[in-house]
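J.: Please read through the structure below; I'll follow up with questions.
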Amino acid sequence: MSNLLLSDNSTVVRAKVSSRTVPYSDLDFKFKPHPNFGDLVALKDISAIKNSIRNLLLTGYGERLFGPNIGCGITNYLFESLNPVSIASIRQSIERTLKYNEPRVSLRSINIKELPDVNELYVSVSVQILNVPELVDIELYLERIR
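Okay, so the sequence shown: first residue is 0 according to numbering that gives the first Met the number 0, each after it adds one.
As structure tokens, this is what we get:
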């Protein structure tokens, strides 16, 4: 860092600015061991963020011990009849969850379809990860098991 002396005998200090270069990482909750080493496999960058979004969307309110406001609660809609009001409520819940709990992404679109023949709810979320040019899609199939 160098200082500059101006004509009026005051100094200007220049500061170094650096960007974040540490990659995002997360554990794979499938807990499959690495085939060669036997350790748990760590997810990096885009895979870690996709895993985080999937976990947030499948978490209900109050499931996290010290984070009762973290979660989405879309599994609560599985046993309700889907109509435009409930689909709008699911969409609003997803938007709120990603806005307040996942600052690394910007939401682009949400696609929700009911598949009544197989008792499933298809949710597709398209997000843009900050500082990454391409869009990332996360697909969830929520199934009624009763």
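Just so it is clear, CB atoms sit at the ideal spot from N, CA and C, and this is done for glycine as well.
Under the DSSP definition of a beta bridge, which residues are partnered with Tyr121?
T.: Lys112 and Tyr140
J.: First and last residue of the beta strand (DSSP E) that includes Lys98?
T.: The continuous stretches of beta strand (DSSP E) do not include Lys98, which lies in the alpha helix (DSSP H) extending over residues Pro83 to Asn100.
J.: Would Ser51 and Gly72 qualify as a contact pair, given that the criterion is a beta-carbon distance under 9 Å?
T.: no
J.: According to the neighbour-count rule (16 or more other Cβ atoms, all chains shown, within 10 Å of its Cβ), is Val104 buried or exposed?
T.: buried
J.: Check whether the region 78-89 touches the region 30-42, counting contact only when three or more Cβ pairs, one atom from each stretch, lie closer than 8 Å.
T.: no
J.: Take the Cβ of Lys112 as the centre, count every other Cβ of all protein chains shown within 10 Å, and call the residue buried at 16 or more, exposed below.
T.: The residue is exposed, with fewer than 16 neighbouring Cβ atoms inside 10 Å.
J.: Identify which residue in Gly37, Lys31, Glu94 and Leu129 has its Cα closest to the Cα of Val122.
T.: Glu94
J.: So, are the CB atoms of Glu138 and Val124 less than 9 Å apart?
T.: yes
J.: Report yes if the C-beta distance between Arg90 and Ile69 is below 9 Å; otherwise report no.
T.: no
J.: Report the CB separation of Gly61 from Pro67 in whole angstroms; it is logged as a contact under 8 Å.
T.: Rounded to the nearest angstrom, the Cβ distance from Gly61 to Pro67 is 5 Å, consistent with a contact under 8 Å.
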